[in-house]
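To convert, take the position in the sequence shown, counting from 1, and add 7; that gives my numbering. Note that the Cβ used here is the ideal one computed from N, Cα and C, for glycine as well. Heads up: the structure comes next, in structure tokens.
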Amino acid sequence: MDGQLKIEGNGRLIVVSNRLPKGDVPSGGLIFALHEALTEIGGLWVGAADPTTTASDGLTDIGGDKKYDLATFELTHKEHKQYYLGYSNSVLWPLFHHRPDLLEIHAVDFEAYTAVNRRVARSIAAVIEPEDTIWVHDYHFLMLGKELRDLGVENRIGVFLHIPFPNASDVMALPESQVIARWLAAFDLVGLQTMRDVIAARDVLLMDPKVHILNDGSWVREDRHFRVRSYPIGIDARAFAKTARNAKPLELQLAPDAPLLLGVDRLDYSKGLVHRFHAFDSYLSARDAAEPRPTFLQIAPCSREDVIAYQEIREELEQAAGSINGAHADLDWTPLRYVRRHIDRDVIAGLYRRADVALVTPLADGMNLVAKEYVAAQDPEDPGVLILSHFAGAAEQMQQALLVNPFDADGFAEAIREAVNMPLDERKERHAALLEVVMREDINWWTSSYLASLRRTPTPVRMKA
Numbered sequence: 008m009d010g011q012l013k014i015e016g017n018g019r020l021i022v023v024s025n026r027l028p029k030g031d032v033p034s035g036g037l038i039f040a041l042h043e044a045l046t047e048i049g050g051l052w053v054g055a056a057d058p059t060t061t062a063s064d065g066l067t068d069i070g071g072d073k074k075y076d077l078a079t080f081e082l083t084h085k086e087h088k089q090y091y092l093g094y095s096n097s098v099l100w101p102l103f104h105h106r107p108d109l110l111e112i113h114a115v116d117f118e119a120y121t122a123v124n125r126r127v128a129r130s131i132a133a134v135i136e137p138e139d140t141i142w143v144h145d146y147h148f149l150m151l152g153k154e155l156r157d158l159g160v161e162n163r164i165g166v167f168l169h170i171p172f173p174n175a176s177d178v179m180a181l182p183e184s185q186v187i188a189r190w191l192a193a194f195d196l197v198g199l200q201t202m203r204d205v206i207a208a209r210d211v212l213l214m215d216p217k218v219h220i221l222n223d224g225s226w227v228r229e230d231r232h233f234r235v236r237s238y239p240i241g242i243d244a245r246a247f248a249k250t251a252r253n254a255k256p257l258e259l260q261l262a263p264d265a266p267l268l269l270g271v272d273r274l275d276y277s278k279g280l281v282h283r284f285h286a287f288d289s290y291l292s293a294r295d296a297a298e299p300r301p302t303f304l305q306i307a308p309c310s311r312e313d314v315i316a317y318q319e320i321r322e323e324l325e326q327a328a329g330s331i332n333g334a335h336a337d338l339d340w341t342p343l344r345y346v347r348r349h350i351d352r353d354v355i356a357g358l359y360r361r362a363d364v365a366l367v368t369p370l371a372d373g374m375n376l377v378a379k380e381y382v383a384a385q386d387p388e389d390p391g392v393l394i395l396s397h398f399a400g401a402a403e404q405m406q407q408a409l410l411v412n413p414f415d416a417d418g419f420a421e422a423i424r425e426a427v428n429m430p431l432d433e434r435k436e437r438h439a440a441l442l443e444v445v446m447r448e449d450i451n452w453w454t455s456s457y458l459a460s461l462r463r464t465p466t467p468v469r470m471k472a
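This is the structure:
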């Protein structure tokens, strides 16, 4: 990172995220980007502690890098269930991923969400200095800016949402829909992944009669001016490409010349895994028996297993995998391999480089960095093909991928056929265009762009009560 990240004055950068880095900070990804920014600027990184019996105000210093400090706020076991598993991941997550049908609405969960955001705000207000800048991350803290303003904090405060932004019609399913505009207006800069998200946020903001858009594209609610902008997150592309090049070759026991299709996702209903399996099934059903027999390797480690919707998607995925292999496998060929345990990042990098086709086909996604990692990992002289969902945020930047509608199994299957049979010249041309974007708009570009915008924000005006 370079001097562009310096914030005016002598203030610190205070980062707030649900999770903190543990152990050595891995290269690439959000954790790495925030680590680099804090190392350059200096500051404080705040995240949740492991749940405990009771929770009190204040931050607990847990050390950190020489250039910045790490601190935690407390959560009770009950709050973890209601604030984190409940309102954050059973209400906001499905809502923002356009699945209002999956909302599990309970008043006590919102009360816990409010209590945690309020406690974190008090804890930060107690240690903040006048020139500090606060950078809030993700949907766990949508209320944090408003709570800080209510405490009289006038510092620059920005938020970045790593997930999609909901449509106005989806937001109406939320009992608290009328206050979302006020939550956003408390921040000076609302960062979203795509222009599609910015448009969605515009529609939601205009639901509030107190909100107005100005000629310069900024917003005002009562006496608070704020901005909503797109900052598509990237990866540490050069470092990841090096990791992929140096990865130990893997023995996957595939048939000679057998294409390897690869999917790497966290197990989540937003990732479109069942739709992906059905499309592969359609491809296999139409495949010429004389063609090489492909293997599709899907890695999908479990997450949030305490949430019912995740239990259901796991069961559905396992049933689909068994059905596909039952219909298409042979004595010496298993077309679908499904792994639901964690695989080390270095191994994943090697799999990316080995794979002939990557399937990155979410039903809704803020960005999806797997698409960018896959492109960075390829051998430019013999690159694989990226199949990318229209609904991934990455699709705005990566138009040279094979773009698909994951709901259209036949069209998706045709894209698989095209990818498997794509000639080298076309693969190289598509990859070169994708790689240029991934390298140029990397994780450092994202961090610098956002913080530079936040830095240019005038000193905030205090929000009316």
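Residue i in three-state terms, based on DSSP
| i | result |
| --- | --- |
| residue 78 | strand |
| residue 396 | strand |
| residue 61 | coil |
| residue 148 | helix |
| residue 307 | coil |
| residue 472 | Only weak support is given to the placement of residue 472: the predicted model assigns it a pLDDT of 41, under 50, and the value that follows is read from those uncertain coordinates. Coil. |
| residue 414 | coil |
| residue 243 | coil |
| residue 461 | helix |
| residue 257 | coil |
| residue 359 | helix |
| residue 454 | helix |
| residue 336 | coil |
| residue 409 | strand |
| residue 10 | At residue 10 the pLDDT is 36, less than 50, meaning the model places this residue with poor confidence and gives no usable figure here. |
| residue 69 | coil |
| residue 206 | helix |
| residue 297 | coil |
| residue 317 | helix |
| residue 350 | coil |
| residue 29 | coil |
| residue 136 | coil |
| residue 428 | coil |
| residue 404 | coil |
8 Å Cβ cutoff met for residue i and residue j
| i | j | result |
| --- | --- | --- |
| residue 274 | residue 220 | no |
| residue 82 | residue 122 | no |
| residue 113 | residue 144 | no |
| residue 190 | residue 149 | yes |
| residue 239 | residue 371 | no |
| residue 301 | residue 263 | no |
| residue 393 | residue 416 | no |
| residue 399 | residue 445 | no |
| residue 211 | residue 175 | yes |
| residue 366 | residue 283 | yes |
| residue 228 | residue 218 | yes |
Cutoff 8 Å: residue i Cβ touching any chain D Cβ
| i | result |
| --- | --- |
| residue 395 | The structure shown contains no chain D, having only a single protein chain. |
Cβ-based burial, residue i [other Cβ within 10 Å; buried from 16]
| i | result |
| --- | --- |
| residue 185 | exposed |
| residue 43 | buried |
| residue 23 | buried |
| residue 259 | exposed |
| residue 270 | buried |
| residue 457 | buried |
| residue 463 | exposed |
| residue 47 | buried |
| residue 242 | buried |
| residue 104 | buried |
Residue i, enclosing alpha helix (DSSP H) - first and last residue
| i | result |
| --- | --- |
| residue 121 | 114-132 |
| residue 197 | Per DSSP, residue 197 belongs to no alpha helix (DSSP H); it is in the beta strand (DSSP E), 196-199. |
| residue 103 | 100-103 |
| residue 384 | 377-384 |
| residue 190 | 187-192 |
| residue 437 | 431-447 |
| residue 283 | 280-293 |
| residue 265 | Taken as a continuous stretch (DSSP letters only), residue 265 belongs to no alpha helix (DSSP H), as it is neither H nor E. |
| residue 477 | Residue 477 lies beyond the range of the chain shown here (8 to 472); nothing can be said about it. |
For residue i, the residue or residues it bridges with in DSSP
| i | result |
| --- | --- |
| residue 226 | 220 and 233 |
| residue 212 | Bridge partners of residue 212: none, in fact. |
| residue 345 | 305 |
| residue 480 | With the chain covering 8 to 472 only, the question about residue 480 has no answer from this structure. |
| residue 143 | 23 and 166 |
| residue 372 | 399 |
| residue 83 | 59 |
Where the beta strand (DSSP E) through residue i begins and ends
| i | result |
| --- | --- |
| residue 167 | 163-167 |
| residue 160 | Here residue 160 belongs to no beta strand (DSSP E), and DSSP marks it neither H nor E. |
| residue 51 | 50-55 |
| residue 109 | Element bounds for residue 109: n/a, residue is neither H nor E. |
| residue 20 | 20-23 |
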